[in-house]
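Residue numbering for the sequence shown follows my numbering, starting at 121 and increasing by one per position. Where a beta carbon is used, it is the ideal one built from N, C-alpha and C, also for glycine. Below you'll find the structure, written out as structure tokens, and then a few comments.
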Amino acid sequence: MDTPVDRTGAPLSLITVHAHPDDEASKGSATVARYADEGVRTSLVCCTGGEAGDILNPAVDTPEVRADLFRVRMQELENSAAAIGYSAVHLLGYHDSGMPDSDDNARPDNFWNAPIEEAVERLVRLIRLERPQVIVTYADDRKFYPHPDHIRVHEISLPAFEAAGDPRAFPSAGPAWQPSKLYYTGFSRSRVQALHDEYVRRGEESPYTHWFERELPDHAERFTTFVDVGDWLHRRRAALLAHRTQVDPEGFWMRLPDDAIRRVFPWDEYLLARSLVDTGVAEGDTEDDLFAGARADPPDPRPSGLVRRSGIGSRG
């Protein structure tokens, strides 16, 4: 396989920035698997160790696991990243901030309490090391999910995107490298509705029922990019199951089979938040490639037999 390159001849590279171990599995993992299989270098930045997370799988909720949760979650992260196909995993080096008013949230070494400039510099150093054209991170979803670490991921990502290409910014963090595109990952109402309806059709309890009682963030209906990941859903499932403390294999999140997901909504969704290249996409149309406008040659088409109509999958 030839290594895909950008228009300057540099190898294509993708960085995803996540708050905790397991976020890399639940948010865009099938996209990363697809690009890894195409020969793109894929790097994960995990900002915290997930030490404040609850254990959601009764089968592993033991005193031994609780006493050694950081090590356990690091092993889960390693297993998940291997299942997805990441080329590299980097830790930003902060303690999980927990939720507001918790003991973990008061720790001076957590992500939330770290100086913003320090955290930005750490991310800039990794961007300059990995030289990505594309960075995937979080939007400001504090109204929908106000976890301090998710908010802080959002707050450092755009400044790092901008500073990485400025040789005057953080000169000790390596040679300047300017990424081309910054994306936010998320879930649209169309996606949530399609998956919820499939649970109901199959007579299963839907984990999305309560989502409709909450206001989805504004960007959730403004996605610009839909990556077809139908052939990589099994990699997402393997990554999720690698996080044994966070995912109960018998829980309702895992009861919708991949073939059903592929039939009703086989896309990962993104909002293009910043682009320094012409994507070549007409106004009102959507991208199907995170590297649109950056890569030297378009990827080979992978027809799935589905077309996207108003955000809902239909047989074409």
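Through-space distance from residue j to residue i, alpha-carbon basis
| i | j | result |
| --- | --- | --- |
| L172 | A226 | Going by the sequence as given, residue 172 is Ala instead of Leu. The alpha-carbon atoms of A172 and A226 are separated by roughly 12 Å. |
| R416 | A130 | Inspection of the sequence shows that residue 416 is occupied by Ala rather than by Arg. Approximately 9 Å, taken between the alpha carbons. |
| S292 | G285 | 13 Å |
| W387 | D224 | 35 Å |
| W297 | G400 | 23 Å |
| Q195 | E389 | 28 Å |
| R334 | W373 | 18 Å |
| D409 | P235 | 34 Å |
| L396 | R186 | 45 Å |
| S398 | R127 | In the sequence as displayed, the identity of residue 398 is Asp instead of Ser. Each residue's Cα considered, the two are about 12 Å apart. |
| F411 | R288 | 27 Å |
| Y258 | Y304 | 5 Å |
| F281 | V244 | 7 Å |
Contact set for residue i: own chain, Cβ-Cβ below 7 Å, skip 5 residues either direction
| i | result |
| --- | --- |
| S146 | L360 |
| R375 | E324 |
| R357 | D378 |
| S424 | Because the pLDDT at S424 is just 45, under 50, the model does not fix this residue reliably, and the point stays unresolved. |
Strand pairing of residue i, partner residues [DSSP]
| i | result |
| --- | --- |
| N230 | H215 |
| G306 | E389 |
| H138 | C166 |
| A208 | S163 |
| I255 | I135 and L302 |
| V125 | P131 |
| F346 | E389 |
| R193 | Per DSSP, none; premise fails for R193. |
| R394 | L302 |
Cutoff 6 Å; reference residue i; Cβ partners in own chain excluding five residues on either side
| i | result |
| --- | --- |
| H316 | S326 and Y328 |
| D122 | none |
DSSP three-state assignment for residue i, whether helix, strand or coil
| i | result |
| --- | --- |
| L246 | helix |
| D351 | helix |
| R415 | strand |
| E407 | strand |
| R154 | helix |
| P377 | coil |
| W297 | coil |
Contacts around residue i, its chain only, beta-carbon distance under 8 Å, and the 5 residues preceding and following it disregarded
| i | result |
| --- | --- |
| S207 | A156, R161, T162 and S163 |
Please determine if the region 359-374 and the region 163-178 are in contact, where contact requires at least 3 C-beta pairs separated by less than 8 Å. Judged by Cβ distances under 8 Å, the region 359-374 makes contact with the region 163-178, as three or more pairs qualify.
Counting pairs of Cβ atoms below 8 Å between the region 269-282 and the region 182-191, do you hit three or more? By the Cβ criterion, the region 269-282 is not in contact with the region 182-191, since fewer than three pairs of Cβ atoms, one from each stretch, lie closer than 8 Å.
Check whether the region 212-222 touches the region 235-252, counting contact only when three or more Cβ pairs, one atom from each stretch, lie closer than 8 Å. As far as the Cβ criterion goes, the region 212-222 touches the region 235-252, which means the pair count is three or higher.
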